[in-house]
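Trainee:
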Amino acid sequence: MKFVLFPLDPVHDVALKMLNRELLKRGHQTILLPPDTKMEEVIEICQKEMPDFIMVSRTVGYGAAELLARFIDMLDAAGLRKKCKVVVGGKAITKELAAELGYDAGFGERTSWEEVIAYVEGGRFEREEITVKKTKKDITQGYTYEVRDSAFRELLDEISDQILAWAKDRTSLAIERTKIKEKMLEGEDLLEEYLKLCDEVVVSYFRKNVLPKKVRLITKEEKEKFERLVNRIDFNERILRHSLDKPLVFVQYGTGCPFMDAMHIKVSEAWGADGVLHFDPSWGARCEGLLEGLLAHEEDGSIITLENLKLIKSALNSSTLWCVRAHRGLNTPETVLLAARAGADLTKINMVYGSLNGGTDPERLTVDGVYALQLSARYKLPYDIPTNEELGGVPAHKAFAGMLVVAHLGVKLGARPILKPLFCYSPDVMINDYMKDNYVDYNVAKVLALRRIMDAPIWPGEPIGFMTHTEDRVQSAMTTALHAALASSLGLDAITIASTDEAYARGAITVSARIDTLRAVAEAFRFFGRARIEPTKKAEEYAENIVNGIYETLKKVAERQDFVAALYEGLFGTREEGANPGRAGRGTVRKC
Amino acid sequence: MLSLGVLGTAKNTGKTTTLNALLKCLSGKSIAITSIGFDGEDLDHITGLPKPKVLIEEGSFAVTSEEAAKHSTARLHLLRRFDIRTALGSICLYRVRQAGTVILIGPHSSEDLLTVKQTLEKDMVEVFLIDGAINRIVPFQHSDFVVLAVGASRSTNLDFLLTETRIIVKMLRLPIGGKDRKLVEGLVSLEKLSSLRGERILVESPMHLLLTEDFVRLEQLLNDLDVAVMRKPELLCVTVNPCYPERRMEGYALARIDLSELARRIERELDVPCLNVMEEEERLCRIVVEKIDKQG
């Protein structure tokens, strides 16, 4: 078919140029007129060319309607009106306005060229962009977990075997509770036995209906309201990434109130988040036993109960990945169990971080961690291994040594780990000036180092850019976006991002601050696409140091032949470096 | 059947208000009604300001699109489907079974309007009322009569409005010519006119001359030419609308200027009845009914 494309506008003709490109690609004949061509001239051209379609483009303002109508009148007077179809497009054009102006069709803002092509070719157009269908992704897919260097493999094997041999005949209150809980979930009435293994807070709750401080029950009406509210929420799914399918973007929640959590999750989903991470209150980690029921908490952290988790789950989009943190406290294995039963996709286990910076006794968390890893394998719940001990001052290589031990141990037990180096401005980095010139090299070095050692998914967290954020929301969104771009450039699997007020919120974080970073990250992905960020030569130097540091650490731990002792004695980080073996649950490990 | 069109020089010059008045004036007759654009919508497609509704009586005919018919409160009975498509469905002929408002989306080209007109001749229609669209004029070449709607929305400069009206009136008064003249078909641009200086020419209709942006030059050129037209509508009167949408920081607001002086000058200087429909509806009726009764 033949087309005359006429920008009835002093300057704007981009839309018509794009349309022209597509029409030519499809074998049509086109005459693209320059902007500001006189209408009389256009009529003459149309009389000579006799096109099938005359495509007019105009950003309508008052007065432009008269211009567009006069053009139709001129075509009419010239006897062309019935010989050619006349189509108008532009920012303020609607079907109604096209009818009023006497055009055959009108296309407004956000029209894709596909829609126009479908109209002129007589085909049907389905609005594809509206029905973005997100699917849930398995972050661990395609990774072999092979330890690439035999020297590392030997050390990791040795350490893992020692841990497994040591844990084999040991148990804890948490493990025993988990076993009871599993039966209770099958319908057995074993509450009394369960409570025998719990702290007084939990016992009082069940026996005397005494709620812990700042905790209250969610009423039936509130739950119904929640369901109505969640049901009413409807939005088109959105994908933040531009041309790549990685990294997935996670946000954290844990306001204490499942309602607020759900609303934060829905907003994050609407703005393109791929996954969410559940954070529980810190006291939950130091208390033996878990509560039951729908519970709201007045302070940070949303209480882990099966009911709370199921409520959150009911609010999640089917494509949203959901990670329930389990790694650090006295209820680690039981949390993995509840997460699996509530339908979580991921959990979080790291005995090294949990015992050196999470407050739990190393011996206890090692026993619990091994059991939690077994559950993670049994329920096919991949686990991520955060290394936030770096924030306390532990050097990256020591944190990574611990992470690799937990990863390798999990693999041996049949579980699928995800490595979680921090993208951060850590105390160790500050002291050693690793980021004097840029934030790129050292973060790249971390990834290079880990990739050199193990074929595993990498998900920087938690959140990326930790300690580079300030109270300034623009700065905060910017630094998150740049770290996201770096993760994308490195081809990493996922990232966790903070809201722009997360680091400095003096109360609950705000929803608009979440949108800030989701928007900023989308913009960074759009900006870089497949383009890469190039580190300086320093990155390679740092990577080598990290690899060597990991090796030295693992070697010392292997030589010690006692993982738990290595934790107590500071081989994964000394007290000076900010690693303090926790006390919660000390002396509770029993031989069995 | 007689056809009567309302043509305007811009949006919001009072076409639909005039049309509504004409519907009232002609209410004892068998009327068919259409628009070459879009009529009867609640809010203007560009300014967002309220628009006059089109009220239609039982027994009248409406020519409108299928989609527009669905959104009318008048009960419409489908009589005929024309092979004319618009951006909002095919054009059909309806009979009004119960009075109410109607949304009009009619034929928007001369050819389609002519087709509809010829079809209606065969029906029992006495008067075919055609509302204009924006500033469109060309389809009215096939109308028997026209009312010209001018107003402040075109310009608030009274001299400009008077000049423009004068030239339109002048064109509508060009004589009907015969085959002895040099025929200039289609759109007649100023370039073409100036190349024909001194000749005796015949153009299709006054509308074919009026599509230039430069009316003053058109008027000058006509002084050096002997121009006649093949067909034209007869101008019954001019209406003036003093209200206009004024651009504000956000959107538009309705503003008003005094156009009584303009109306007086149009009557006096151009020798054509000129009135404000909102204030002189009866006078409009007298002019129109008298003419139609005489012709009919």
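In order, the protein sequence lines correspond to chains A and B.
Residue 293 in the numbering used here is what sits at position 129 of the first sequence, and the numbering runs on without skipping anything.
Residue 488 in the numbering used here is what sits at position 31 of the second sequence, and the numbering runs on without skipping anything.
Beta carbons are placed, not taken as given, at the ideal position from N, Cα and C, and that holds for glycine.
Could you pull out every residue in the same chain whose Cβ sits closer than 6 Å to the Cβ of threonine 419 (chain A), ignoring the five residues on either side in sequence?
Mentor: On the first sequence, residue 419 (chain A) is found 255 positions in, with the first residue counted as 1. Asp425, Ala672, listed in sequence order.
Trainee: Starting from glutamate 258 (chain A), find everything on chain B with Cβ-Cβ shorter than 7 Å and list it in chain order.
Mentor: Translated into positions along the first sequence, residue 258 (chain A) becomes position 94. Reading the sequence as shown, one finds threonine at residue 258 (chain A) and not glutamate. Simply His502.
Trainee: Using a beta-carbon distance below 8 Å, is threonine 543 (chain B) in contact with chain C?
Mentor: This model lacks chain C altogether; the protein chains it does include are A and B.
Trainee: Hey, leucine 510 (chain A) and tyrosine 543 (chain A) are a contact pair by Cβ (cut 8 Å); roughly how many whole angstroms apart?
Mentor: If you number the first sequence from 1, residue 510 (chain A) lands on position 346. If you number the first sequence from 1, residue 543 (chain A) lands on position 379. Incorrect: roughly 11 Å between the Cβ atoms, too far for contact.
Trainee: Name the chain B residues whose beta carbon is nearer than 8 Å to that of glutamate 230 (chain A)?
Mentor: Taking the first residue of the first sequence as position 1, residue 230 (chain A) is located at position 66. Simply Ala467, Lys468, Ile591, Asn592.
Trainee: What separation, rounded to the nearest whole angstrom, lies between the Cα atoms of leucine 612 (chain A) and isoleucine 710 (chain A)?
Mentor: Indexing the first sequence from 1 puts residue 612 (chain A) at position 448. Indexing the first sequence from 1 puts residue 710 (chain A) at position 546. Whole-angstrom Cα-Cα distance: 9 Å.
Trainee: Counting only the same chain and skipping the five closest in sequence on each side, list residues whose C-beta sits under 8 Å from that of valine 734 (chain B).
Mentor: On the second sequence, residue 734 (chain B) is found 277 positions in, with the first residue counted as 1. These residues qualify, in order along the chain: Gly471, Thr474, Thr475, Ala478, Thr696, Asn698, Leu741.
Trainee: Using the three-state DSSP reduction, which class does methionine 203 (chain A) fall into: helix, strand or coil?
Mentor: Along the first sequence, one-based indexing puts residue 203 (chain A) at 39. The answer is helix: DSSP assigns methionine 203 (chain A) an H, G or I state.
Trainee: Can the beta-carbon of proline 171 (chain A) be found closer than 8 Å to that of leucine 183 (chain A)?
Mentor: Position 7 of the first sequence, counted from the first residue, corresponds to residue 171 (chain A). Position 19 of the first sequence, counted from the first residue, corresponds to residue 183 (chain A). Contact: no.
Trainee: From the DSSP secondary-structure annotation, give me the bridge partner or partners of tryptophan 486 (chain A).
Mentor: By one-based count along the first sequence, residue 486 (chain A) stands at place 322. Tryptophan 486 (chain A) pairs with A:Val440.
Trainee: Which word fits arginine 674 (chain B), buried or exposed, when buried means at least 16 other C-beta atoms lie within 10 angstroms of its C-beta?
Mentor: Along the second sequence, read from residue 1 onward, the residue named residue 674 (chain B) stands at position 217. The residue is exposed, with fewer than 16 neighbouring Cβ atoms inside 10 Å.
Trainee: Looking at C-alpha atoms only, which residue of A:Leu646, A:Asp636, A:Ile257, A:Ala338 is the closest neighbour of tyrosine 668 (chain A)?
Mentor: Taking the first sequence and counting its residues from 1, one reaches residue 668 (chain A) at position 504. Minimum Cα distance to tyrosine 668 (chain A) is reached at A:Asp636.
Trainee: Could you name the residues of the stretch 234-263 of chain A whose beta carbon sits closer than 8 Å to any beta carbon of chain B, in the order they occur along the chain?
Mentor: Answer in chain order: Arg234, Ile236, Asp237, Met238, Asp240, Ala241, Ala242, Gly243, Arg245, Lys246, Ala256, Thr258, Lys259, Glu260, Leu261, Ala262, Ala263.
Trainee: Reducing DSSP to helix, strand and coil, say where threonine 399 (chain A) ends up.
Mentor: Taking the first residue of the first sequence as position 1, residue 399 (chain A) is located at position 235. The residue asked about is misnamed: residue 399 (chain A) is phenylalanine in this sequence, not threonine. Phenylalanine 399 (chain A): coil per DSSP, three-state reduction.
Trainee: What residue range does the beta strand (DSSP E) around threonine 504 (chain B) cover?
Mentor: Against the second sequence, residue 504 (chain B) aligns to sequence position 47. Unbroken run through threonine 504 (chain B): none, as it is neither H nor E.
Trainee: Note the first and the last residue of the continuous beta strand (DSSP E) segment covering alanine 479 (chain A).
Mentor: Within the first sequence, residue 479 (chain A) is the residue found at index 315, counting from 1. Note, alanine 479 (chain A): premise wrong, no beta strand (DSSP E); alpha helix (DSSP H) at 470-479.
Trainee: Are the C-beta of phenylalanine 495 (chain B) and some C-beta of chain A separated by less than 8 Å?
Mentor: Translated into positions along the second sequence, residue 495 (chain B) becomes position 38. By this cut-off, phenylalanine 495 (chain B) is an interface position.
Trainee: Using a Cβ cut-off of 7 Å, pull out every chain B residue sitting near glycine 270 (chain A), in sequence order please.
Mentor: As a position in the first sequence, residue 270 (chain A) is number 106, starting the count at 1. Within chain B, the residues near glycine 270 (chain A) are Ala544.
Trainee: Taking Cβ positions, are tyrosine 551 (chain B) and phenylalanine 585 (chain B) nearer each other than 8 Å?
Mentor: Counted from its first residue, the second sequence places residue 551 (chain B) at position 94. Counted from its first residue, the second sequence places residue 585 (chain B) at position 128. Contact flag unset, no.
Trainee: Find the residues of chain B that neighbour glycine 266 (chain A), judging by a C-beta separation of less than 8 Å, and give them in chain order.
Mentor: Locating residue 266 (chain A) in the first sequence gives position 102, where the first residue counts as 1. Within 8 Å Cβ-Cβ: Ile493, Gly494, His565, Ser566, Ala590, Arg593.
Trainee: Quick test of your reading: arginine 450 (chain A) and glycine 518 (chain A), contact by CB under 8 Å. State the CB separation rounded to the nearest angstrom.
Mentor: Your numbering for residue 450 (chain A) matches position 286 in the first sequence. Your numbering for residue 518 (chain A) matches position 354 in the first sequence. Going by Cβ atoms, the distance from arginine 450 (chain A) to glycine 518 (chain A) rounds to 12 Å, so no, they are not a contact pair.
Trainee: Out of curiosity, what's the CA-to-CA distance linking leucine 412 (chain A) and cysteine 421 (chain A)?
Mentor: By one-based count along the first sequence, residue 412 (chain A) stands at place 248. By one-based count along the first sequence, residue 421 (chain A) stands at place 257. When rounded, the distance between both Cα atoms is 26 Å.
Trainee: Contact defined as beta carbons within less than 8 Å: I believe lysine 298 (chain A) pairs with glutamate 401 (chain A). What is the distance between those atoms, to the nearest angstrom?
Mentor: Here residue 298 (chain A) corresponds to residue number 134 of the first sequence, with the count starting at 1. Here residue 401 (chain A) corresponds to residue number 237 of the first sequence, with the count starting at 1. 5 Å between Cβ atoms; contact.
Trainee: Go ahead and label lysine 689 (chain B) buried or exposed: buried means 16 or more other beta carbons lie within 10 angstroms of its beta carbon, across all protein chains shown.
Mentor: As a first step, residue 689 (chain B) must be located in the second sequence, where it is residue number 232. Label assigned to lysine 689 (chain B): buried.
Trainee: Starting from threonine 499 (chain A), follow the alpha helix (DSSP H) in both directions and report where the run begins and ends.
Mentor: Along the first sequence, one-based indexing puts residue 499 (chain A) at 335. Note, threonine 499 (chain A): alpha helix (DSSP H), 496-506.
Trainee: Mind checking who serine 221 (chain A) pairs with in its DSSP beta bridge?
Mentor: Residue 221 (chain A) sits at position 57 when you count from the first residue of the first sequence. The partner list for serine 221 (chain A) (beta bridge, DSSP) reads A:Pro171, A:Gly253.
Trainee: Residues of chain B with CB under 7 Å from isoleucine 207 (chain A), in chain order?
Mentor: The residue labelled residue 207 (chain A) in the question sits at position 43 within the first sequence. Neighbours of isoleucine 207 (chain A) on chain B, chain order: Leu644.
Trainee: Within a Cβ cutoff of 6 Å, which residues of the same chain sit near glycine 708 (chain B), ignoring the five residues on either side of it in sequence?
Mentor: Residue 708 (chain B) sits at position 251 when you count from the first residue of the second sequence. These residues qualify, in order along the chain: Gly505.
Trainee: For aspartate 601 (chain B) versus glutamate 691 (chain B), is the C-beta distance shorter than 8 Å?
Mentor: Along the second sequence, one-based indexing puts residue 601 (chain B) at 144. Along the second sequence, one-based indexing puts residue 691 (chain B) at 234. Yes, they are a contact pair.
Trainee: Throw me the rounded Cβ distance for the threonine 717 (chain A) and histidine 561 (chain A) pair, which I believe falls under 8 Å.
Mentor: Stepping through the first sequence from its first residue, residue 717 (chain A) is reached at position 553. Stepping through the first sequence from its first residue, residue 561 (chain A) is reached at position 397. With a Cβ gap of about 6 Å, threonine 717 (chain A) and histidine 561 (chain A) count as contacting.
Trainee: Is it buried or exposed, serine 443 (chain A), if we count other Cβ atoms within 10 angstroms and call 16 or more buried?
Mentor: Within the first sequence, residue 443 (chain A) is the residue found at index 279, counting from 1. Residue 443 (chain A) is actually phenylalanine in this sequence, not serine. Result: buried.
Trainee: Since I believe serine 529 (chain B) is in contact with valine 559 (chain B) (beta carbons under 8 Å), could you give me their beta-carbon distance rounded to a whole number of angstroms?
Mentor: Taking the second sequence and counting its residues from 1, the one referred to as residue 559 (chain B) is at position 102. Taking the second sequence and counting its residues from 1, the one referred to as residue 529 (chain B) is at position 72. With a Cβ gap of about 4 Å, valine 559 (chain B) and serine 529 (chain B) count as contacting.
Trainee: Distance cutoff 8 Å, beta carbons only. Does glutamate 204 (chain A) sit that close to anything in chain B?
Mentor: Within the first sequence, residue 204 (chain A) is the residue found at index 40, counting from 1. It does; some Cβ of chain B falls within 8 Å.
Trainee: Kindly identify the DSSP beta-bridge partner or partners of lysine 755 (chain A).
Mentor: Taking the first sequence and counting its residues from 1, the one referred to as residue 755 (chain A) is at position 591. DSSP, once it has assigned bridges, lists A:Arg334 as partnering lysine 755 (chain A).
Trainee: Judging by CA-CA distance, which residue of A:Glu208, A:Met165, A:Val178 is the nearest neighbour of glycine 191 (chain A)?
Mentor: Within the first sequence, numbered from 1, the residue matching residue 191 (chain A) stands at position 27. Per the Cα distances, A:Met165.
Trainee: Straight-line CA distance for leucine 464 (chain B) to alanine 233 (chain A)?
Mentor: Start at 1 with the first residue of the second sequence, and residue 464 (chain B) comes out as number 7. Start at 1 with the first residue of the first sequence, and residue 233 (chain A) comes out as number 69. For leucine 464 (chain B) and alanine 233 (chain A), the distance between alpha carbons rounds to 13 Å.
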